[in-house]
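Structure first, then comments.
2 protein chains.
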Amino acid sequence: MNPIRIGLLGCGTVGGGVVQLLRANADYLAQSVGAPLEVVSVLIRDTEKERVPDLDRARLTTDPEAVLGDPSIDVFVEVMGGVNPARGYVERAIDTRRSVVTANKMLLAMHGAALVERAVSKGVDLAFEGSVGGGIPVVRVLREALASDWIVSLEGIVNGTCNYVLTRMRTDGLGFDEAVREAQAKGYAEADPGLDVDGHDAAHKLVVLAMLAFGARVEAGRVPTEGIRAIEPIDHRFAERFGFVIKHLAIGRDRGEGVELRVHPALVRRDTQLANVNGVLNAIALEGRALGPTLLSGRGAGDLPTAVSVVADVLDVARARRNGFAGLATRGIQVKERPLTSLDDVRGRYYLRFQVHDRPGVLAQLAGALGDAGVSIEQMVQEGGGGGTGQPVQIVLLTHETLERDVRRALEAIAVSSVAASVPRLLRIQE
Amino acid sequence: MNPIRIGLLGCGTVGGGVVQLLRANADYLAQSVGAPLEVVSVLIRDTEKERVPDLDRARLTTDPEAVLGDPSIDVFVEVMGGVNPARGYVERAIDTRRSVVTANKMLLAMHGAALVERAVSKGVDLAFEGSVGGGIPVVRVLREALASDWIVSLEGIVNGTCNYVLTRMRTDGLGFDEAVREAQAKGYAEADPGLDVDGHDAAHKLVVLAMLAFGARVEAGRVPTEGIRAIEPIDHRFAERFGFVIKHLAIGRDRGEGVELRVHPALVRRDTQLANVNGVLNAIALEGRALGPTLLSGRGAGDLPTAVSVVADVLDVARARRNGFAGLATRGIQVKERPLTSLDDVRGRYYLRFQVHDRPGVLAQLAGALGDAGVSIEQMVQEGGGGGTGQPVQIVLLTHETLERDVRRALEAIAVSSVAASVPRLLRIQE
Numbered sequence: 043m044n045p046i047r048i049g050l051l052g053c054g055t056v057g058g059g060v061v062q063l064l065r066a067n068a069d070y071l072a073q074s075v076g077a078p079l080e081v082v083s084v085l086i087r088d089t090e091k092e093r094v095p096d097l098d099r100a101r102l103t104t105d106p107e108a109v110l111g112d113p114s115i116d117v118f119v120e121v122m123g124g125v126n127p128a129r130g131y132v133e134r135a136i137d138t139r140r141s142v143v144t145a146n147k148m149l150l151a152m153h154g155a156a157l158v159e160r161a162v163s164k165g166v167d168l169a170f171e172g173s174v175g176g177g178i179p180v181v182r183v184l185r186e187a188l189a190s191d192w193i194v195s196l197e198g199i200v201n202g203t204c205n206y207v208l209t210r211m212r213t214d215g216l217g218f219d220e221a222v223r224e225a226q227a228k229g230y231a232e233a234d235p236g237l238d239v240d241g242h243d244a245a246h247k248l249v250v251l252a253m254l255a256f257g258a259r260v261e262a263g264r265v266p267t268e269g270i271r272a273i274e275p276i277d278h279r280f281a282e283r284f285g286f287v288i289k290h291l292a293i294g295r296d297r298g299e300g301v302e303l304r305v306h307p308a309l310v311r312r313d314t315q316l317a318n319v320n321g322v323l324n325a326i327a328l329e330g331r332a333l334g335p336t337l338l339s340g341r342g343a344g345d346l347p348t349a350v351s352v353v354a355d356v357l358d359v360a361r362a363r364r365n366g367f368a369g370l371a372t373r374g375i376q377v378k379e380r381p382l383t384s385l386d387d388v389r390g391r392y393y394l395r396f397q398v399h400d401r402p403g404v405l406a407q408l409a410g411a412l413g414d415a416g417v418s419i420e421q422m423v424q425e426g427g428g429g430g431t432g433q434p435v436q437i438v439l440l441t442h443e444t445l446e447r448d449v450r451r452a453l454e455a456i457a458v459s460s461v462a463a464s465v466p467r468l469l470r471i472q473e
Numbered sequence: 043m044n045p046i047r048i049g050l051l052g053c054g055t056v057g058g059g060v061v062q063l064l065r066a067n068a069d070y071l072a073q074s075v076g077a078p079l080e081v082v083s084v085l086i087r088d089t090e091k092e093r094v095p096d097l098d099r100a101r102l103t104t105d106p107e108a109v110l111g112d113p114s115i116d117v118f119v120e121v122m123g124g125v126n127p128a129r130g131y132v133e134r135a136i137d138t139r140r141s142v143v144t145a146n147k148m149l150l151a152m153h154g155a156a157l158v159e160r161a162v163s164k165g166v167d168l169a170f171e172g173s174v175g176g177g178i179p180v181v182r183v184l185r186e187a188l189a190s191d192w193i194v195s196l197e198g199i200v201n202g203t204c205n206y207v208l209t210r211m212r213t214d215g216l217g218f219d220e221a222v223r224e225a226q227a228k229g230y231a232e233a234d235p236g237l238d239v240d241g242h243d244a245a246h247k248l249v250v251l252a253m254l255a256f257g258a259r260v261e262a263g264r265v266p267t268e269g270i271r272a273i274e275p276i277d278h279r280f281a282e283r284f285g286f287v288i289k290h291l292a293i294g295r296d297r298g299e300g301v302e303l304r305v306h307p308a309l310v311r312r313d314t315q316l317a318n319v320n321g322v323l324n325a326i327a328l329e330g331r332a333l334g335p336t337l338l339s340g341r342g343a344g345d346l347p348t349a350v351s352v353v354a355d356v357l358d359v360a361r362a363r364r365n366g367f368a369g370l371a372t373r374g375i376q377v378k379e380r381p382l383t384s385l386d387d388v389r390g391r392y393y394l395r396f397q398v399h400d401r402p403g404v405l406a407q408l409a410g411a412l413g414d415a416g417v418s419i420e421q422m423v424q425e426g427g428g429g430g431t432g433q434p435v436q437i438v439l440l441t442h443e444t445l446e447r448d449v450r451r452a453l454e455a456i457a458v459s460s461v462a463a464s465v466p467r468l469l470r471i472q473e
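Sequence lines, in order, name chains A and B. Be aware that the first sequence starts at 43, since it is given in the numbering used here, and climbs by one per residue. Be aware that the second sequence starts at 43, since it is given in the numbering used here, and climbs by one per residue.
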């Protein structure tokens, strides 16, 4: 029986995991597809340096043409990462009517909608379970729930580095820099952690999820995005005091006229499932109109969990190809431009931390500025001070539900007054 | 284009939800399958009494032959529940080479392995996502993870009634009977709640999960099963004091030589995801060798969540049929008899609550009996007493990790002594 011939583009940790799983489960996969799966060529950057799977070295090449130009290949698996040259390779694979499995969230965030359209127009599959949430089957669940349901909202912990750093800060009192260094030492953070801790990686994943869940084509750069650098140990302590933990979230909501997308740290009630997703684990909570609330969690990164997702996609795509049809992975994805809701128009509760000089009347000034902007205070706690010594003290206010626009207005008024000793910290409360 | 013709067996709440979702998403489903889906006949018990979907009444029948004997039907959807007559209907559908989608956990628990074999031998699909965990796509996730992974263990909150009752007892101090009455009033528990609160429903679901995850054919009646009737409010209070909550769990573990399956209430650490799955929500945690820990949670019952799962199955099965192949849903399920591990051979920590007469030396007697059996005590707390008045007091001991056999032996020795005023309560700690 003719094998399904696979071309592997890139062979880092995920690619190595894919080769390993394809080999270890060859019999099962062949039975399930109805034909054996064979990795016929692997595009790598440097045959000497790169981690190379235990494969016949004749199958390894540094020449893209040798892989992409081989008309015998049925399915390309793109695990190189980055936008270029991955984008051109994927486009070429689609244009020559081969199906593609990719785990490349950045590529999908930048060009996902166009690539899906391209695949649909050529009648091939473009599967990308591995691009979001590692081994968590969120793409599949969204695709299948959407067969008969309407996704109202989603919120997720989609960056393992952020979750690890926040977890260590909270449970062991580490500072941000110390927690990042530890994550780097354990291989959970890159040498340059910016893509993760500044929230960009989470924004990329949110754009991919929004494409599926809300049919929204959104530029990643336009998603309001905050990272976790500004969170201090004191914020974890205050959050705990109010019954919350701080998580870095990617949030999406279908608002009918548009979509609300945002990435930022938020206070989450301690007794919720999301609050208890710790360390490098990821989780995505969905709310479907028929399905109700659904949560998926697991390892969001790492070679093997992501490879499990990639192999599940390879299985689907190969099976479809073997049976003479395709487009399973992209069918039903209908993407269009949808306006983004401004953060100003989001309603919620807020955690506001002010460092102020301990003088009588300070709280009244803060409360007054908030009240003038129409923001009412639900709880207040002060740490230190009380003697009127003029020393800096910390005041934390939790607001009632209010428009973000109004909170911003109050903070601006406070900034130009002389009440606060430093820039106040604003954290959103996610309920 | 020829439609895919569907015969619906049973039309209660889930069946009604299926009809509703098929209609509401007809265009999408037709596009996705490549042919429209048409419900051509519906077998009901009583055309007058039953909740009847908004369908041409000519399609409703109380005559099984009119549905099962119609050779034009491509796919049967069985949502009657119960073993008989559903079993015969499903067998006949398979034998006449039609694919079947079922949400019937009891049927699958009793005859799942035989039905899967039958479907495989006839080359048709037997899909059953709706049978476990309502809208939670656990069957699909297991099937796809298994394409390249090995499931080591699973633990789940799979009965919404039990979870609701335990949640209400814990958070609001209700007694068992009161919480059950409330669940009944809200439609979360049957008039006869035994199937749920005695753990049998959870055992059925565990048997279905074990078939998928471990390839194990196990009789539901042989799974060690305990319900939640014996849990008292005081147990919730003690559990909380030690940092746990009480959950009703279905637990499975592949032990190589056999499988360990058990259903019982257990203490779960408060800061875990499972501990925070509350009310009628269900959750299933899996541990895959490559995938690591994965958790899925959502509404475990209800017409619409289950109907979403059934429709996702119908979509798969119809698409396969339309494309001239089948067996997707059952492929890779390889079931064989596997020995069950005795509870005696399970290792774990235990919560033991004794009601004793408040006399000097009582604790020493308890500790002595446990020590004689090789069980060591990690923590102890006593409620009430201390005056040596002979009044009943509560003593709770948490053991170190030990064999259940040894704990049982100690409890037997204590039972024949005159130390305890009543039968001690044993709860397992799940970590």
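Note that the Cβ used here is the ideal one computed from N, Cα and C, for glycine as well.
First and last residue of the uninterrupted beta strand (DSSP E) at residue i
i: Leu251(A); result: Where Leu251(A) is concerned, there is no enclosing beta strand (DSSP E), although the alpha helix (DSSP H) it sits in stretches over His242 to Phe256.
i: Met152(A); result: Taken as a continuous stretch (DSSP letters only), Met152(A) belongs to no beta strand (DSSP E), being part of the alpha helix (DSSP H) at Lys147 to Lys164.
Backbone CA spacing between residue i and residue j [nearest angstrom]
i: Asp105(A); j: Ile293(A); result: 41 Å
i: Asp69(A); j: Pro78(A); result: 8 Å
i: Ile48(B); j: Leu216(A); result: 59 Å
i: Val207(A); j: Gly321(A); result: 8 Å
i: Ala233(B); j: Gln376(A); result: 45 Å
i: Val398(A); j: Ala455(A); result: 15 Å
i: Leu440(A); j: Asp277(A); result: 13 Å
i: Ala151(A); j: Ala262(A); result: 6 Å
i: Ala252(A); j: Gly366(B); result: 33 Å
i: His475(A); j: Val301(A); result: Since the first residue shown for chain A is 43 and the last is 473, residue 475(A) is missing from the structure and cannot be characterised.
i: Thr348(A); j: Leu333(B); result: 8 Å
i: Leu408(A); j: Phe256(A); result: 39 Å
Residues near residue i in its chain [Cβ-Cβ closer than 6 Å; skip 5 each side]
i: Glu446(A); result: Leu385, Asp386 and Val388
i: Val465(B); result: none
i: Val84(A); result: Leu50, Cys53, Arg101 and Leu102
i: His246(B); result: Lys147, Met148, Ala151 and Ala262
Residue-chain proximity (residue i, chain A), Cβ-Cβ < 9 Å
i: Phe367(B); result: yes
i: Arg279(B); result: no
i: Ala332(B); result: yes
i: Ile276(B); result: no
i: Ile193(B); result: no
i: Thr441(B); result: no
i: Ala272(B); result: no
Beta bridge counterpart(s) of residue i as assigned by DSSP
i: Thr286(B); result: According to the sequence displayed, residue 286(B) carries Phe and not Thr. Phe286(B) is bridged to Arg311(B).
i: Gly512(A); result: The shown model of chain A, from 43 to 473, leaves out residue 512(A), and the question about it has no answer.
i: Phe118(B); result: Gly49(B) and Val142(B)
i: Ile270(B); result: Its beta-bridge partners do not exist; DSSP assigns none.
i: Gly340(A); result: Asn324(A) and Thr336(B)
i: Phe396(A); result: Ile437(A)
The alpha helix (DSSP H) enclosing residue i, as first and last residue numbers
i: Gly130(B); result: Ala128 to Asp137
i: Met211(A); result: Gly202 to Asp214
i: Glu420(A); result: Looking at the DSSP string, Glu420(A) is not in any alpha helix (DSSP H); the run it does join, the beta strand (DSSP E), is Ile419 to Glu425.
i: Gln73(B); result: Ala68 to Val75
i: Leu405(A); result: Val404 to Asp414
Cβ shell of residue i (< 8 Å), same chain only, five flanking positions each side left out
i: Asn324(A); result: Gly175, Gly176, Ile178, Gly198, Ile199, Val200, Asn201, Gly202, Asn205, Ser339, Gly340, Arg341, Gly342 and Ala343
i: Arg271(B); result: Phe218, Val239 and Asp240
i: Gly124(B); result: Asn146, Met148 and Leu149
Chain B contact for residue i (CB, 9 Å cutoff)
i: Pro335(A); result: yes
i: Ile199(A); result: no
i: Asp313(A); result: yes
i: Glu425(A); result: no
i: Arg341(A); result: yes
Own chain partners of residue i with C-beta closer than 7 Å, once the 5 adjacent residues on each side are dropped
i: Val287(B); result: Arg212, Ala281, Val310, Arg312 and Ala317
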